[in-house]
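Written below as structure tokens is the structure these notes are about.
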Amino acid sequence: MEALLGSSPSPSLTITRRKPITSCKVLSWNSLYSGSNNSRVYHPILRLKRSGNDNSGSCSPLCYMEQMYRNRMFSQPIRRYRKIFIDKQSLLVIQNGLAFLPRKFKTSLCKILKHLEIFKSIVPEIFVRSCIGLMLVMAVNAAVVKAPSFALTEENLLFLEAWRTIDRAYIDKTFNGQSWFRYREDALRNEPMNTRQETYAAIKKMLATLDDPFTRFLEPEKFKSLRSGTQNALTGVGLSIGYPLGKNESAFGLVVISASPGGPANRAGISSGDIILQIDNTSTENMGIYDAAERLQGPEGSGVELTVLRGSETKKLSLIREKVSLNPVKSRICKLPTGGDDAPQIGYIKLSTFNKNASGAVREAIETLRKNNVKAFVLDLRDNSGGLFPEGVEIAKIWLDKGVIVYICDSRGVRDIYDTDGSSVVAASEPLAVLVNKGTASASEILAGALKDNKRAQLFGEPTYGKGKIQSVFQLSDGSGVAVTVARYETPAHNDIDKVGVIPDHPLPASFPKDDESFCNCLQNPAAACHLDRVELFSK
């Protein structure tokens, strides 16, 4: 038995009987092709054929054929309900083995099948598969072309070494809002790196995208000079310089953080807070601090001209470079006017820099002063522009028997904590006063903040410089280096001092001197304008 789809305009369907077709049979429910869910099956055995002697253009008999699973692309989910199969799209109703197709869908379905047969007759299946294979090959080739296919040169490897250093150490893991990996690929593809100077230029261009003035590339000579500045001595004019911050932030040029006592700049009257406008008639408005440091240093006995702004007054100064000693510590005993030779004395310690000898020199000074009946200390950090971060931590341990020294933070919060358990303490109980000013920066601010927040010392002076970022210097394989901002720090009270500074507990008299001899005079002479009473100095 089979169902014929009539072409009568009547909405009813006409069913007639014709000679049985042996290639078609009606299948029972259990014979239908089904998936894993019995309540939902697909009828892949549906097939529509044109009769060989039917020229009316209507569709041929609709029958279930077991072997026609290949055409399941035309089938839709059907559901069983009381032996009635209803198509999900409401196109087909099958009841008692007979298939009926509503008239309104008859024409469109026939057209689809007709065009499918035409397409199959015109376009062989092997051609379609060949086209798809060709497109896949072209896609793979395009992907391969986009990937770097060049061999890395020695210059490329040096660039990658600098890139990896920033990738691992830099504080901002967004890299100033750019894709750091994409930059690497673009630079290797587009930046010229045929000579060492071109490679250096490519590294500098890469670091400039971070918009961080403290993250800088150091060519071999600059790197060597920086290392010498944290070790023994250097040849120059004895200036520590930085970028303008706070009230000087809008100033054009570079600010003097400190002038080494007894150095050429100090003897010429340059002091912290002055603005350097020109070095040898070259404007410092867009000059980096490392470039400026290189210009200030030079052969011993050579000259350099500086244009310096102080307030509204501009001066031109000619200085002679000389070897500036970086002995980090000076100390002396300040004897008070009452109490005789056996009375407790005050030990004055001037710490000028944090080089590799600083912590040992401070420890030695304390022990020497103690032998001379010193029972209280003054630590002078004025015009100390910093230096080696580990030395700042070690000197804090000398004065503290316990407590946090500094929190190291990155963009996600606290990353590390430096504290002390008292194993390195030397002077934890004697009264201590710390002197600071706007030339107190970096590692010296870490020390001052630790002593203040742990209530170990009183701070006197003015707010410090406010450099709350920490840089590490990494040497590259060719002797050059990269100074990288690796973290910011917070004091033990979780104060972020960047561009703010450490705020002292008390101000110093305006006329308070910076040299050790005059300092002792201010303590000894009650009539002096700079006089500080011992009780006032060490009160908490």
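Going by UniProt numbering, the first residue of the sequence shown is number 1, and it counts up by one from there.
The C-beta atom is built at its ideal place from N, Cα and C for all residues, glycine as well.
Just mark M206 as buried or exposed, buried being the case when its beta carbon has 16 or more other beta carbons within 10 Å. Translated into the one-based positions of the sequence shown, residue 206 becomes position 206. By the 10 Å Cβ count, M206 comes out buried.
Whole-number beta carbon distance between Y465 and K438, since they are thought to touch under 8 Å: Mapped onto the sequence shown, residue 438 falls at position 438. Mapped onto the sequence shown, residue 465 falls at position 465. Between Y465 and K438 the Cβ distance is about 6 Å, and since that is below 8 Å, they are a contact.
Grouping DSSP H, G and I as helix and E and B as strand, with all else coil, what is E536? For this step, residue 536 is matched to residue 536 along the sequence shown. E536: helix per DSSP, three-state reduction.
Please find out if some non-hydrogen atom of the ligand ADP comes closer than 7 Å to the beta-carbon of K514. The model on display carries no ligand, and the ligand ADP is accordingly not part of it.
In whole angstroms, what separates the C-alpha of A428 from that of L447? In the sequence shown, the residue the question calls residue 428 occupies position 428. In the sequence shown, the residue the question calls residue 447 occupies position 447. Distance between the alpha carbons of A428 and L447: 14 Å.
Of the choices L296, M287 and A487, whose alpha-carbon is the least far from that of G263? On the sequence shown, position 263 is the one that residue 263 refers to. Cα-wise, what sits closest to G263 is L296.
Measuring CB to CB, does A358 end up less than 8 Å from G387? Counting from one through the sequence shown, the residue named residue 358 turns up at place 358. Counting from one through the sequence shown, the residue named residue 387 turns up at place 387. Going by C-beta atoms, A358 is nearer than 8 Å to G387.
Check whether the Cβ atoms of E161 and S477 lie closer than 8 Å to each other. For this step, residue 161 is matched to residue 161 along the sequence shown. For this step, residue 477 is matched to residue 477 along the sequence shown. Contact: yes.
Under the three-state DSSP convention, the category C409 falls into: Residue 409 sits at position 409 when you count from the first residue of the sequence shown. Strand at C409.
8 Å Cβ cutoff met for I320 and G298: Stepping through the sequence shown from its first residue, residue 320 is reached at position 320. Stepping through the sequence shown from its first residue, residue 298 is reached at position 298. No, the pair does not count as a contact, with Cβ atoms beyond the cut-off.
Nonlocal neighbours in the same chain, by C-beta distance under 7 Å from K316, ignoring five residues either side: Within the sequence shown, numbered from 1, the residue matching residue 316 stands at position 316. Excluding sequence neighbours, K316 sits near E305 and T307.
Tell me where the alpha helix (DSSP H) around S444 begins and ends. Position 444 of the sequence shown, counted from the first residue, corresponds to residue 444. Run containing S444: A443 to D453, per the alpha helix (DSSP H) assignment.
Note down the Cα distance separating R534 from D516, rounded to an integer number of angstroms. For the purposes of this step, residue 534 is identified with residue 534 of the sequence shown, where counting begins at 1. For the purposes of this step, residue 516 is identified with residue 516 of the sequence shown, where counting begins at 1. About 16 Å.
Tell me G403's beta-bridge partners as DSSP assigns them. In the sequence shown, counting from the first residue as 1, residue 403 sits at position 403. Its beta-bridge partners are T420.
Among the candidates S331, P390, S352 and E394, whose CA atom is the shortest distance from the CA of R370? Here residue 370 is taken as the residue at index 370 of the sequence shown, counted from 1. Comparing Cα-Cα distances from R370 to each of S331, P390, S352 and E394, the minimum goes to S331.
Return the Cβ separation of residue 626 and Y170 in integer angstroms, given the expectation that the two are a contact with Cβ distance under 8 Å. Past the edges of the chain, shown from 1 to 540, lies residue 626, and the structure says nothing about it.
What do you reckon, are the CB atoms on D274 and V256 nearer than 8 Å? Numbered from 1 along the sequence shown, position 274 holds the residue referred to as residue 274. Numbered from 1 along the sequence shown, position 256 holds the residue referred to as residue 256. Contact: yes.
Taking only three categories from DSSP, how would you classify D380? Working through the sequence shown from its first residue, we reach residue 380 at position 380. Residue state, collapsed to three classes: strand.
Under 8 Å, do D453 and T491 count as touching if we go by C-beta distance? The residue given as residue 453 occupies position 453 in the sequence shown. The residue given as residue 491 occupies position 491 in the sequence shown. The answer is yes: Cβ separation under 8 Å.
Under 8 Å, with one C-beta from each stretch per pair, do the stretch 489-504 and the stretch 518-537 reach the 3-pair mark? no
Using the Cα positions of L158 and T199, report the straight-line distance between them to the nearest angstrom. Residue 158 sits at position 158 when you count from the first residue of the sequence shown. Residue 199 sits at position 199 when you count from the first residue of the sequence shown. The alpha-carbon atoms of L158 and T199 are separated by roughly 8 Å.
Let's see if you can read the secondary structure: which residues bound the beta strand (DSSP E) around T307? Position 307 of the sequence shown, counted from the first residue, corresponds to residue 307. Looking at the DSSP string, the run of the beta strand (DSSP E) that includes T307 is G303 to R310.
Please classify A457 as buried or exposed, where buried requires at least 16 other C-beta atoms within 10 Å of its C-beta. Working through the sequence shown from its first residue, we reach residue 457 at position 457. By the 10 Å Cβ count, A457 comes out buried.
Just grab the DSSP bridge partners of Q240 for me. Here residue 240 corresponds to residue number 240 of the sequence shown, with the count starting at 1. In the sequence as presented, Gln is not what sits at residue 240; that position holds Ser. Paired residues: S258.
Where does Y290 fall in DSSP's three states? The residue you call residue 290 lines up with position 290 of the sequence shown. Helix.
What's the C-alpha gap between P328 and A361? Start at 1 with the first residue of the sequence shown, and residue 328 comes out as number 328. Start at 1 with the first residue of the sequence shown, and residue 361 comes out as number 361. Taking the straight line joining both Cα atoms gives about 7 Å.
For F217 and N156, I'd like the C-alpha separation in whole angstroms. The count along the sequence shown starts at 1 and reaches residue 217 at position 217. The count along the sequence shown starts at 1 and reaches residue 156 at position 156. Cα-Cα distance, rounded: 16 Å.
Inter-residue spacing [alpha-carbon to alpha-carbon] between K146 and K204: As a position in the sequence shown, residue 146 is number 146, starting the count at 1. As a position in the sequence shown, residue 204 is number 204, starting the count at 1. Annotation note: pLDDT 47 at K146 (below 50); position unreliable, no value reported.
When we look at the beta-carbon of M135 and count the other beta-carbons within 10 Å, is it buried (16 or more) or exposed? Mapped onto the sequence shown, residue 135 falls at position 135. So M135 counts as exposed.
Can you list, in chain order, the stretches of the beta strand (DSSP E) that have 3 or more residues and sit fully within the stretch 476-506? 481-490
Where P509 falls, given that 16 or more other Cβ within 10 Å makes a residue buried: Translated into the one-based positions of the sequence shown, residue 509 becomes position 509. With fewer than 16 other Cβ atoms within 10 Å, it is exposed.
Among L152, L226, I132 and W180, the one whose alpha carbon lies nearest that of F474: The residue labelled residue 474 in the question sits at position 474 within the sequence shown. Cα-wise, what sits closest to F474 is L226.
With distances taken from CA atoms, which of E154, F127 and G177 is nearest S411? Position 411 of the sequence shown holds residue 411. The shortest Cα separation from S411 among E154, F127 and G177 belongs to G177.
Could you check if residue 628 is buried or exposed, using at least 16 other CB atoms within 10 Å of its CB as the buried criterion? Absent from the structure is residue 628, since the part of the chain shown begins at 1 and ends at 540.
Closer than 6 Å by C-beta to S511: which residues in its own chain qualify, once you throw out the five before and the five after it? Chain order, please. Along the sequence shown, one-based indexing puts residue 511 at 511. Excluding positions up to five away in sequence, the list reads A529 and C530.
Assigned secondary structure, R456 (DSSP; H/G/I helix, E/B strand, else coil): By 1-based counting over the sequence shown, the position of residue 456 is 456. Note: R456 maps to coil in three-state DSSP.
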